[in-house]
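Chains as they are written, first to last, in our numbering: chain A, 3 to 339; chain B, 3 to 339; chain C, 72 to 447; chain D, 72 to 447. From the three backbone atoms N, C-alpha and C, an ideal C-beta is built for every residue, glycine too. Beneath this line is the structure, given in structure tokens, with notes to follow.
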Amino acid sequence: MTAMTMVEAIRDAHMIAMERDDRVVVFGEDVGFFGGVFRCTQGLQERFGDHRCFDAPINESAIVGAAIGMAAYGLRPCVEMQFADYMYPAYDQIVSEAARLRHRSAGDFSAPIVVRMPSGGGIFGGQTHSQSPEALFTHVAGLTTVVVSNPYDAKGLLIAAIEDEDPVVFLEPKRVYNGPFDGHHDRPVVPWSKHPLGEVPDGYYAIPLGEARVHRTGSDLTVLTYGTLVHVAETAANERDIDAEIIDLRTLVPLDVDTIVESVVKTGRCLVLHEATVTSGFGAELSATVQERCFYHLEAPIVRVAGWDTPYPHALEWSYFPGPERVGRAMQEVLAA
Amino acid sequence: MTAMTMVEAIRDAHMIAMERDDRVVVFGEDVGFFGGVFRCTQGLQERFGDHRCFDAPINESAIVGAAIGMAAYGLRPCVEMQFADYMYPAYDQIVSEAARLRHRSAGDFSAPIVVRMPSGGGIFGGQTHSQSPEALFTHVAGLTTVVVSNPYDAKGLLIAAIEDEDPVVFLEPKRVYNGPFDGHHDRPVVPWSKHPLGEVPDGYYAIPLGEARVHRTGSDLTVLTYGTLVHVAETAANERDIDAEIIDLRTLVPLDVDTIVESVVKTGRCLVLHEATVTSGFGAELSATVQERCFYHLEAPIVRVAGWDTPYPHALEWSYFPGPERVGRAMQEVLAA
Amino acid sequence: MKKPALDEKVERVALMRKQLVRVLDDDGSAVGEWVPDLSADAKIAGLRDMMTVRSFDARMLRAHRQGKISFYMQALGEEAIACAQQRALRPGDMHFPTYRQQGLLIAAGYPIVQMMNQILSNEQDPLKGRQLPVLYSAKSHGFFSISGNLATQYPQAVGWAMASAMRGDTAIASAWIGEGASAENDFHAALVMASTYQAPVILNIVNNHWAISTPEDFARGASATFADRGYGFSIPAIRVDGNDYLAAYAASQWAAERARSNLGPTLIEWITLRRGAHSTSDDPSVYRPEHESEQFPLADPVERLRQHLVALGEWDDDRHRDLQHEIDTEIESAFAEADSHGSVKSGVVPSPATMFDDVYAELPRHLREQRDQVGE
Amino acid sequence: MKKPALDEKVERVALMRKQLVRVLDDDGSAVGEWVPDLSADAKIAGLRDMMTVRSFDARMLRAHRQGKISFYMQALGEEAIACAQQRALRPGDMHFPTYRQQGLLIAAGYPIVQMMNQILSNEQDPLKGRQLPVLYSAKSHGFFSISGNLATQYPQAVGWAMASAMRGDTAIASAWIGEGASAENDFHAALVMASTYQAPVILNIVNNHWAISTPEDFARGASATFADRGYGFSIPAIRVDGNDYLAAYAASQWAAERARSNLGPTLIEWITLRRGAHSTSDDPSVYRPEHESEQFPLADPVERLRQHLVALGEWDDDRHRDLQHEIDTEIESAFAEADSHGSVKSGVVPSPATMFDDVYAELPRHLREQRDQVGE
Ligand SMILES: Cc1ncc(C[n+]2csc(CCOP(=O)(O)OP(=O)(O)O)c2C)c(N)n1
Ligand SMILES: Cc1ncc(C[n+]2csc(CCOP(=O)(O)OP(=O)(O)O)c2C)c(N)n1
Ligand SMILES: [Mg+2]
Ligand SMILES: [Mg+2]
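This is the structure we're talking about:
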């Protein structure tokens, strides 16, 4: 066990995956010599050489396109989009190509690639350094979409993603790179070294994709969330002394429906939280799924708390971000209904 | 009044918009000399010259990017993506640029463009000529997303879209270009000339964006749908003699919540239909919205019938497409619940 | 025209951008520095490949008219390029084709009946009815799965080539694109990567002068040639007579050797003409000048190779007639076999449950549930 | 170096791709065919523009260190390019800039305090606190809204220029991109469109040798220059000493006149050096060679123009000191004013309700509802 930040855990996952399998290659913008603008690939080039970890030209489509070609050859590329907000130029390669290659070729070819991307807000990044585009991936058959919330999961899930036989989109909420952000931006940052999920086992372990984690058990209501908001939800529940069961979904597709249903059947109430804009966000899918599967158990409407339907604003970040105040109020609303 | 196909109605809308406003320009792949692979822009170049209607190189990003620049200059570009499946290379320009320009510049610049695209399946087009990517637009703040289902609406909505001050994504389910497809692919095609919505007023009219149309009134259950499936739903209801209220949403964002809520409050039951893959499809948003606003009126779970979570398969098109059989069964399921 | 050394400076090769590599002259003689070292048998094999493609295309168009298939795209007039390049490359190399390179499969000896099964989307379709006709996939024959989306394969080919180089392998990749699709953004993605990493890849642009209804000028813009694009990245770029089988073989071989010798990417602009319609959904009479095919200066590739073989004394009318008959019979019987397995039109297609396979390596729960619903 | 006629054949201009247009020699004399027709006053105005940018940048970096702003990007060493091009173009023309062309705004006389309000995201921010600092928008001053996404502005600029041409207007567009971002796909989109429609646009590539931590080679690949890219499209492309205000003025004017005379697009590669960090979030010490700035052969643009003015007898140390003082004072008082309106750091920002404005021209129902919730 070592206390690690999420950045360190991600670095460690890369190291281990690259050591175990020489087909694993890592590249992206500023990823090689510099080790990435968030330093998630620091040390890889030094350790494995610039044939295994290297810089790419600034062209996200070229990065993912080349990764698909490499994967078709037999490698296991793990590439970085510098920010999730900059994945759009690669969207065609991800959606039309990586996601569909196995199916359209009936298994003749496949694209086992990982596309990592720092996502989410909370760092005053403005509209192009704050987005959470997960719903744009969850709608695409053939993609596995992961959102991590802590160092322990990040390491185990990234290793699993690299080992997976199919393309995995791997979102890393940058606000929790260095600590479990509780949503109170005006309070000092708590480091991961003070948090149990910052304790990361040494060496190899993989967390199966498609399994949610019950972050906090409770019986009054179920909170379905992922990424940064796992910690915000916990804060809100603690602050208002609400016995909330908080489920960190970890993998959005395939979704761990059993864990969700079990919890909602128990609590009868459900709150769905994410940072992305609310309309057609992944929360809509969660709400629809819970409604379909737990209709007769629901004692109150499922409520969504999410980013507003506006671009992520720079100065009004904390009015946009679903913080403990908004989340806590919503919990009470769900309980009162 | 003239009997028109949807193609003719779209052509007519272009003609009228271009005549009324010389800032309207139309371009895209094969759009100029040839008049578009579906012939929706036929005759425009001849009538307005090749400065108003012209061919573009095969580069969807260039087409939308240039349209944004033209709109910033003061023109009103209406461009065509040859198939909705080919909009992905333009996705960054649509999502990061057109959708956000007014907001990020606080109104200094805006992007009043229309991006038309033939969508949906039913023509044996395989996975890259059959997609319904509307949910990838509805998640994006700043976009208006329209899906048309008939000639009358198509003309009035396209004129409104071209006149709109902001970017409009305009989906045209190609399966209903020439007739109101009832979902029975093995029966002869009914032409629009035999359908009341194929009767199109001459000259100018605009249908406000954001208003749904009650396609068929009923009291047993509410069907929320758009595009081709409006007609399939009607067929299914008729075949099973179900008193379904079918709402053709027409504009997905902004959504006509009032019409929806009014109907569901009345019927207490709701079925959501679309062709796109079900997970994170726009049906999820509809289901979540109805659940939030009509929870205490719902007598049965809201059911979604949609495309499966696979790419659109060529030969198995009719196993993928939500036809009258599947839709009818779902209606009965909702009624029985 | 001069044939440059494999490692010739790009500035010198650059001059060839606006010239045309040819081997066969108007009389069918093979002349100049680019004459490839090919036996008469190899040339006859090339002739057979091209004639097979042509016969195959004709049969499939007929099947479309007969209502047996939903869609088809022929390569009429362009057969030499893919056929010759396939023979110039090696097993283990990987092509990233477009929909108009059926010649690659045929010249590689891929079973004709399998191609037809794919086109029919029948029970034996290797792609299980998932893809539009002609969007083949054949890893075993060095043929990457074709995408419906233009240009995406271009950077993928570069990535494949980079991977081969990274692993110390000598296999190379070959990327294919139409002149119209070279306007797409991913064309740039590929050239940037190929130039930066000096990937062992051939970047083919098939300039058949049309992109559906749009003449080549819209993609080319003000530059004189598409080969110019390569020069913008210091990627050696040549223009080749695409209707000249021997030139196509020689140029492909030259580019392949450059790649295999770690001399990096080569761009080839192939000059040819799309003699037919874009696809069976297209009606070129609306946009295409009459008599364009007859007026095109580069004569038919099959005729030119045949003429060359006749001039060599290796071929005559009888042998040609026999070969044509043999090929047509082979195609006909292949089609009879394929047709017996059903088609998308007859409704004899793979079972609906198969639609859920291969979305992922393993079937996840939600797809299992959905599959069960289809079974209902 | 020769200055070609406006309508010189692209093949002849092509030779300039690998040369460097310069006017100011090492002694500060203006020499050669490219010497622009600029009065001493105009040159002094240029000097003032550049010094203002530099002083502005220095003040903003200080504000960042003081914790008053969240982010900043300076243009240290690159000031000449944007400052000179702004003065060479006309009111009504439209720039599509990146985040490193603050010189365009300053040389256009845009109010300094407004720029600072934007950077502070305060109550007076013309962009209402929505954008990251330095992503200005100023239509009134021919400055298009800056996007955080690289390269998207390039095809937009071409579209704007096409629109101007289509309307018979003489206004031109100017597109800006860094050498690193020229690897992005939309760079290609712009060049295809500009070449095909011969749009009246200047395509600027600012080659400051770095893209965050990555040296220019990764974007450039094997070609000798970024100007080469233009040649791949037959777009006349020149390379210009970007640290030479007079060369920057002359080259911009030449390209602008070409555009205005319907002679189409011009690509300009500007050679300069990013002397500072990429942004306030960046630490170049990790990746950057020491002493790079001192070793860079093109001297500082402010110093060179100053030296030239001194050589002309139009300038001296006293005037320079006075000007510096005047500028610094102006910047200081502008900052005092801007700072009095609050900042993102102090929390004095536009009201949350304003976040919902301008998503659409009119507030739709769902945003009205959401705005009401924020108010709660
Ligand atoms: C991204 C994308 N945009 C548009 C299309 C539609 N489309 C299919 S083929 C074609 C023309 C391609 O022309 P060219 O590249 O010259 O190839 P050719 O058909 O001549 O072989 C177009 C526009 C597509 N398949 N993908
Ligand atoms: C689409 C996209 N990808 C990545 C980034 C992140 N990014 C911001 S600036 C930059 C480097 C740009 O370098 P260059 O174009 O040379 O401009 P310079 O900073 O040198 O002025 C990168 C990679 C981005 N903003 N947008
Ligand atoms: Mg072509
Ligand atoms: Mg740079």
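When 8 angstroms is used as the limit between beta carbons, V263 (chain C) is near these residues of chain D: A254, A290, G292, in chain order. With a beta-carbon spacing of about 5 angstroms, Y179 (chain B) and V9 (chain B) fall inside the 8 angstroms limit used to define contacts.
Counting only residues of its own chain and dropping the five nearest sequence neighbours on each side, P286 (chain D) has a CB closer than 8 angstroms to the CB of H280. Residue-level contact by beta carbon holds for S107 (chain A) and chain C, with a gap shorter than 8 angstroms. Taking the Cβ atoms as the reference, A246 (chain B) lies roughly 6 angstroms from M333 (chain B), within the contact range of under 8 angstroms. The beta carbons of A178 (chain C) and Q157 (chain C) sit about 4 angstroms from each other, so the pair counts as a contact at 8 angstroms. Along the region 292 to 306 of chain C, the positions whose C-beta sits under 9 angstroms from a C-beta of chain D are G292, A293, S294, A295, D299, R300, G301, Y302, G303, F304, S305, I306, read in chain order. Of the heavy atoms belonging to ligand 1, at least one sits nearer than 7 angstroms to the Cβ of N279 (chain C). The beta carbon of P79 (chain B) sits no closer than 7 angstroms to any heavy atom of ligand 2. Here DSSP, grouped into helix, strand and coil, assigns A246 (chain A) to strand. In the three-state DSSP reduction, G309 (chain B) falls in the strand class (E or B).
Look at M237 (chain D): its C-beta is not under 8 angstroms from any C-beta on chain A. Linking A246 (chain C) to P226 (chain C) through their CA atoms gives a straight-line distance of about 8 angstroms. Counting C-beta pairs closer than 8 angstroms gives three or more between the region 89 to 101 of chain C and the region 307 to 314 of chain C, which meets the contact rule. For P175 (chain A), the enclosing beta strand (DSSP E) starts and ends at 170 to 175.
Counted as a single uninterrupted DSSP element, the stretch harbouring R104 (chain A) is not any beta strand (DSSP E) but the alpha helix (DSSP H) occupying residues 103 to 106. Note: H166 (chain D) is bridge-paired with D:F214, D:S245 in the DSSP secondary-structure output. Taken in chain order, the members of the region 75 to 92 of chain A whose beta-carbon sits within less than 9 angstroms of a beta-carbon on chain D are Q84, F85, D87, Y88, Y90, P91. At a C-beta separation below 7 angstroms, F215 (chain C) has these neighbours in chain A: A74, F111. For the region 155 to 168 of chain A, the set of positions with a beta-carbon nearer than 7 angstroms to some beta-carbon of chain C reads E167, D168 in chain order. Between the alpha carbons of P368 (chain C) and Q172 (chain C) lies a distance of about 22 angstroms. In terms of side-chain proximity, the C-beta atom of Q224 (chain D) is found no nearer than 7 angstroms to any non-hydrogen atom of ligand 1. A direct Cα-Cα distance of roughly 30 angstroms separates D354 (chain D) from H412 (chain D). Fully contained in the region 175 to 254 of chain A are the following alpha helix (DSSP H) runs of length 4 or more, in chain order: 230 to 242. The Cβ of S284 (chain D) sits no closer than 8 angstroms to any Cβ of chain C. Note on T7 (chain B): 16 or more other CB atoms within 10 angstroms of its CB, so buried under the neighbour-count rule.
For the region 81 to 151 of chain B, the full-length beta strand (DSSP E) segments reaching 3 residues or more read 116 to 121, 146 to 149 along the chain. Cβ-Cβ distances below 6 angstroms link R242 (chain A) to G330 in the same chain, with the five nearest sequence neighbours on each side left out; the list follows chain order. The nearest non-hydrogen atom of ligand 4 is less than 7 angstroms from the C-beta of G251 (chain D). Relative to ligand 3, A282 (chain C) has its C-beta within less than 7 angstroms of a heavy atom.
Between the C-alpha atoms of H299 (chain B) and L288 (chain B) there is a straight-line separation of about 16 angstroms. Beta-bridge annotation (DSSP): P286 (chain D) is paired with D:W281. Not one beta carbon of chain B lies nearer than 8 angstroms to the beta carbon of V33 (chain A).
Chain D places no beta carbon closer than 8 angstroms to that of F29 (chain A), leaving this residue out of the contacts. Taken atom to atom, the span from the alpha-carbon of E213 (chain B) to that of A69 (chain B) is near 27 angstroms.
Checking the DSSP bridge columns, you'll see V92 (chain C) partnered with C:V311.
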